[in-house]
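Shown next, in structure tokens, is the structure this report addresses.
Chains as they are written, first to last, in our numbering: chain Y, -8 to 320; chain A, -8 to 320.
Next comes the structure, spelled out in structure tokens:
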């Protein structure tokens, strides 16, 4: 139980909307197939935005929402899958883009693919609770549109670009915000089911043996769905056995927007009602690590989640990693 | 003050030694230039090793040194600059390579370039102290030899490949091991001085505008040295003002092996004696994030550092990030 508070939230969406009609024409897909199979109606793709420019826009909004200024930050933490460049870490580039005071913040990156935001929130909450950092910027910014493989229809239409950010502070004694519990479990038997094999030391971009396909997203959707569906029930049982909440005490669920099928499993099989579950997949697509904080930030922005709500965050990411985190907002 | 203990250490060095004679011939460099300018006599380059295979070898050695088994790990954390591949995170691939039990550990990556190990140690120590994780594997594995630019002589000869690992547990009441204090400050005005511009979303490997040079290491050595030398004194003053140690109470200093000049500044200008400072640059080169834990692990391995020693870790990394951490081993 960590006395921490999400003091502010922000997000950024590229202005370019890409509709199913656009993609169906571009990729030679039958009309109606995308929405029927994936549940996505539109997604955003960057035009001139970068990972860092999207992250900075989300961060500025989160700071304003928290009533804090850039001078208050003592840690800038990126929680994303794809860096902007290999060196230095993206958080340092974000410090520069934000024009944050030199030397006033520690900058580093977390990566647990789609679970990056939850892992970083849980981890950094310990340091905020301990007083090691007072005001942490967590930022998930994902530019995925340039890594999609047009030959792999189901993933090529599923993803979108976006950024989201949160400001983490200690709760004051009169505030009810608490991070109650989190659990993360990685099942690497699924490591090859969601992959970009390139982009690292193994298949270096300059290696003539590295093919363009290696630098593009690969997903075995049915196999991941099967693995996730098998594991999620027992995982949530272990999660709830670790603290005092029961499933019925949850006000709202913010899932990673992995796919329509994954969201259906969470909602129906686990006994949540449709109104309890935040769903932005249709208009945003799966935005990788930015998906979950974006769904959360937009739900707070439109009043679907209010202070004092008991929120369950849950999802799966490449790895395969299952994650869940419970907090009182 | 966190009651945590580095329970075990391990490392891995590729068997291929690359001497200055080799590199002077290969790169057309005058005899003797490399050692005179960089202080490096030899370094290791991978042959068939990968980031993950090196990390796994170091991790197995660290587990054995700690007297623990793979089943004890509940978190596997990579603390490196370069991932093995873009998706999933390298920690998940390490779980698989180690044949660690499915679902028994959370797997994620940290990146603060050369400061990755220190940042991850400090961060994860909070979770070990809180009892959130009981046995954490921290692993830094760097395969840098395929990202060196033969046109940039000073950096091309400076770096080497290696991995190092540490097992972090809670200290028992009768043990003196404690993490006392850490400080990290990023000065992003230096973000362009050490860079690989490619390898991320900005200059995608499949983008025809991405040049091979963008995927190689770039370093403005003199400018970084100047920035680091200007900042390190005041930084260490702030570091020591944050807790009870004085500089004279330190038994041994483990610096990041950035360069001979950087090590000279630390040793002489800051008032340490040569015997107090661990120096492995000459035989290992700068191994990026693996450099500091490798120097530490080898020093423990050969008895230069023993239980109860007061150790100061210090260094700079791309960003530019300055870091320092004090612990009783």
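Note that beta-carbon positions come from the ideal geometry of N, C-alpha and C, so glycine has one too. None of these values were measured; they are calculated from a predicted model.
Around the beta carbon of residue 90 of chain A, a 10 Å sphere encloses fewer than 16 other beta carbons of the protein chains shown; the residue is thus reported as exposed.
At least 8 Å separates the CB of residue 56 of chain Y from every CB of chain A. Sequence-distant Cβ neighbours of residue 98 of chain A in its own chain, meaning closer than 6 Å and more than five residues away, are 67, 82, 83, 86. As for any alpha helix (DSSP H) of minimum length 4 sitting wholly inside the stretch 295 to 319 of chain Y, there is none. With a 10 Å radius around the Cβ and a threshold of 16 neighbouring Cβ atoms, residue 23 of chain Y comes out exposed. With respect to residue 173 of chain Y, residue 113 of chain Y sits close: the two C-beta atoms are nearer than 8 Å. No Cβ of chain A is located within less than 8 Å of the beta carbon of residue 39 of chain Y. Counting along the chain, the unbroken alpha helix (DSSP H) around residue 287 of chain Y starts and ends at 282 to 292.
Note that the C-beta distance between residue 254 of chain A and residue 147 of chain A is not below 8 Å. Apart from sequence neighbours up to five positions away, no residue of its chain approaches residue 51 of chain Y with a beta-carbon distance below 6 Å. Here DSSP, grouped into helix, strand and coil, assigns residue -8 of chain Y to coil. Listed along the chain, the chain Y residues whose CB falls inside 8 Å of the CB of residue 187 of chain A are 76, 77, 78. Cβ proximity to chain Y below 7 Å picks out nothing from the stretch 218 to 239 of chain A. Beta bridge pairing from DSSP links residue 131 of chain A with A/155. DSSP places residue 206 of chain Y in the helix class (H, G or I) of the three-state scheme.
DSSP places residue 119 of chain A in the uninterrupted alpha helix (DSSP H) bounded by 107 to 120.
In this structure, the straight-line span from the alpha carbon of residue 40 of chain Y to that of residue 265 of chain Y is close to 34 Å. Taking the Cα positions, residue 227 of chain A is about 12 Å away from residue 262 of chain A.
Below the 7 Å Cβ cutoff, chain A contributes 79, 80, 83, 98 as neighbours of residue 310 of chain Y, in chain order.
Nearest neighbour of residue 140 of chain Y by Cα position, chosen from A/197, A/108, A/62, A/65, turns out to be A/197.
Note that the C-beta distance between residue 34 of chain Y and residue 26 of chain Y is not below 8 Å. For residue 170 of chain A, the enclosing beta strand (DSSP E) stretches over residues 169 to 177. The Cβ-Cβ distance between residue 107 of chain Y and residue 53 of chain Y does not fall below 8 Å.
Close to residue 140 of chain Y, with beta-carbon spacing below 7 Å, lies no residue of chain A; the smallest spacing is near 10 Å. For residue 8 of chain Y, the uninterrupted beta strand (DSSP E) run begins and ends at 8 to 10, by DSSP. Listed along chain A is no residue with a C-beta nearer than 8 Å to that of residue 169 of chain Y; the closest approach is about 14 Å. Listed along the chain, the chain Y residues whose CB falls inside 9 Å of the CB of residue 42 of chain A are 191, 192, 193. For the stretch 4 to 84 of chain Y, the continuous alpha helix (DSSP H) assignments of 4+ residues that do not extend past its boundaries occur at 11 to 18, 24 to 29, 42 to 57, in sequence order. Counted as a single uninterrupted DSSP element, the stretch harbouring residue 269 of chain A is not any alpha helix (DSSP H), since DSSP gives it neither H nor E. Here residue 256 of chain Y carries a helix assignment [DSSP, helix/strand/coil]. As DSSP reads the structure, residue 187 of chain A sits in a beta bridge with Y/78.
Residue nearest to residue 204 of chain A within the set A/159, A/143, A/163 is A/143 (criterion: CA-CA distance). Rounded to whole angstroms, the Cβ separation of residue 195 of chain Y and residue 201 of chain Y is 6 Å, and the two are in contact under 8 Å. Taking the CA atoms as reference points, residue 4 of chain A sits about 14 Å from residue 292 of chain A.
Cβ contact annotation for residue 274 of chain A (same chain, cutoff 7 Å, sequence separation greater than five): 32, 33, in chain order. Chain-ordered listing is empty here: chain Y has no CB closer than 7 Å to the CB of residue 277 of chain A, the nearest sitting near 13 Å.
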